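Enquirer: Attaching a single structure in structure tokens format; questions to follow.
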């Protein structure tokens, strides 16, 4: 895998750290959208799989996350986060005009990717949603109903059946290990409602992957959101016993294989 190119650009709410892994002869452009409290650096193995599959890959750290500016995990409007992502995609498409674009979002990043697809459908060839925060997230409503947000961080054991994943997460200094912040929760709620209201993604090929035993973002709640946005080309994969981070699960090779097979199927379909 090539050495990544790293840079910053002016986002809606401060400097945004971005990274890309270009290829001289890419088949498509894969854009990674990470989840809450984490950062793009946790996706190196996903980048390798996509690069081996022929993709140029890029992504960013959301405002308040990873190496980007801003108060940690504070997001007051996800439309601004989507706008930052659009800046990245626009720049990447300018560097490689004509390439098919596959947007891949995990958890909160899946929510961001879904909203991006609603706003910029014509720029995308395919969408992949991993454990996305969509539809109904009961934990969010529970937290918003409390007078004070408890000092309870995400439990690393809920991420994967592989203990090493949780251990690395707990030791990662770029991961947020504190509680949720109310303005971020309120912004999440608004974004979920906006996605539900704006409806179908039309004929955009979409792959939804989710762990059956996801305790952080249970698939039953997400399914209501998938039904709100699904169009004419939805593929679903629910992995038995898998937890929240299916790209980091004990069957991650299977999951990534399903992603690349989905991309192959989409790229073989003639452009409409």
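In the UniProt record's numbering, the protein residues as written are 1 to 272.
Don't be surprised by glycine CBs; every beta carbon is placed ideally from N, CA and C.
Here the structure is a predicted model, which is why all the values come from computation and not from measurement.
1) Jot down the residue ranges of each uninterrupted beta strand (DSSP E) in the stretch 102–170, minimum 3 residues, whole runs only, in chain order.
2) Do the CB positions of residue 17 and residue 88 come within less than 8 Å of each other?
3) Just verifying my parser: in three-state terms, what is the DSSP assignment at residue 11?
4) Can you tell me whether residue 228 is buried or exposed? The criterion is at least 16 other CB atoms within 10 Å of its CB, across all chains shown.
5) Compare the Cα-Cα distances from residue 54 to each of 24, 120 and 71 and report the closest residue.
6) Would you call the stretch 119–138 and the stretch 215–222 touching, i.e. three or more CB-CB distances under 8 Å?
7) Can you tell me whether residue 78 is buried or exposed? The criterion is at least 16 other CB atoms within 10 Å of its CB, across all chains shown.
8) When DSSP labels each residue in this structure, what does residue 16 get in the three-state scheme?
9) Decide if residue 245 is buried, meaning its Cβ has at least 16 other Cβ atoms within 10 Å, or exposed.
10) Taking C-alpha atoms, which residue in 144, 63, 9 and 38 lies nearest to residue 182?
11) Considering only C-alpha positions, which residue in the set 26, 4 and 231 is nearest to residue 41?
12) In chain order, what residues of the same chain have a beta carbon less than 6 Å from the beta carbon of residue 226, not counting five sequence neighbours either side?
13) In the DSSP assignment, what are the bridge partners of residue 236?
14) Residue 30 bridges to which residues according to DSSP?
15) Do residue 214 and residue 190 have their CB atoms nearer than 8 Å?
16) DSSP puts residue 5 in a beta bridge; with which residues?
17) So what does DSSP say about residue 86, is it helix, strand or coil?
18) Quick one: what's got a C-beta closer than 6 Å to residue 50's C-beta in the same chain, skipping five residues either side?
19) Would DSSP call residue 80 helix, strand or coil?
20) Check the C-beta distance from residue 140 over to residue 74 and give it rounded, since I have them as a contact under 8 Å.
21) Nearest CA to the CA of residue 126: which residue from 216, 233, 21 and 37?
22) On the CB-based measure, 16 or more other CB atoms within 10 Å of its CB, does residue 52 come out buried or exposed?
23) Roughly how many angstroms lie between the CA atoms of residue 71 and residue 60, to the nearest whole one?
Expert: Quick answer:
1) Taken in chain order, the complete beta strand (DSSP E) segments of 3 or more residues contained in the stretch 102–170 are 126–130.
2) Numbered from its first residue, the chain shown carries residue 17 at position 17. Numbered from its first residue, the chain shown carries residue 88 at position 88. It is not a contact, given that the beta carbons lie outside the stated cut-off.
3) Start at 1 with the first residue of the chain shown, and residue 11 comes out as number 11. In the structure shown, residue 11 sits in a strand (DSSP, three-state: E or B).
4) Your numbering for residue 228 matches position 228 in the chain shown. Note on residue 228: 16 or more other CB atoms within 10 angstroms of its CB, so buried under the neighbour-count rule.
5) As a first step, residue 54 is located in the chain shown; it is residue number 54 there, counting from the start. Taking only the C-alpha atoms, the option nearest residue 54 is 24.
6) Contact holds: three or more Cβ-Cβ distances are below 8 Å.
7) On the chain shown, residue 78 is found 78 positions in, with the first residue counted as 1. Label assigned to residue 78: buried.
8) Within the chain shown, numbered from 1, the residue matching residue 16 stands at position 16. Three-state result, residue 16: strand.
9) Counting from 1 along the chain shown, the entry for residue 245 is found at position 245. Buried.
10) Taking the chain shown and counting its residues from 1, one reaches residue 182 at position 182. Residue 144 is the option with its Cα nearest to residue 182.
11) One-based indexing of the chain shown puts residue 41 at position 41. Closest option to residue 41, Cα to Cα, is 4.
12) In the chain shown, the residue the question calls residue 226 occupies position 226. Excluding positions up to five away in sequence, the list reads 208.
13) Position 236 of the chain shown holds residue 236. Per DSSP, 208.
14) Locating residue 30 in the chain shown gives position 30, where the first residue counts as 1. For residue 30, the beta-bridge partners assigned by DSSP are 57 and 102.
15) The sequence position of residue 214 within the chain shown is 214, counting from 1. The sequence position of residue 190 within the chain shown is 190, counting from 1. No, these two residues do not count as a Cβ contact at 8 Å.
16) Indexing the chain shown from 1 puts residue 5 at position 5. BP columns for residue 5 point to 20.
17) Here the question's residue 86 lines up with position 86 in the chain shown. Residue 86 falls in the helix class under three-state DSSP.
18) Here residue 50 is taken as the residue at index 50 of the chain shown, counted from 1. Cβ within range, chain order: 30 and 57.
19) As a first step, residue 80 must be located in the chain shown, where it is residue number 80. Shown here, residue 80 sits in a helix according to DSSP, grouped into three states.
20) Here residue 140 refers to the residue found at position 140 when the chain shown is read from its first residue. Here residue 74 refers to the residue found at position 74 when the chain shown is read from its first residue. With a Cβ gap of about 16 Å, residue 140 and residue 74 do not count as contacting.
21) Within the chain shown, residue 126 is the residue found at index 126, counting from 1. If we check each option's Cα against that of residue 126, 233 comes out closest.
22) Mapped onto the chain shown, residue 52 falls at position 52. Residue 52 counts as exposed, since fewer than 16 other C-beta atoms from the protein chains shown sit within 10 angstroms of its C-beta.
23) Your numbering for residue 71 matches position 71 in the chain shown. Your numbering for residue 60 matches position 60 in the chain shown. So the alpha carbons of these two residues sit roughly 16 Å apart.
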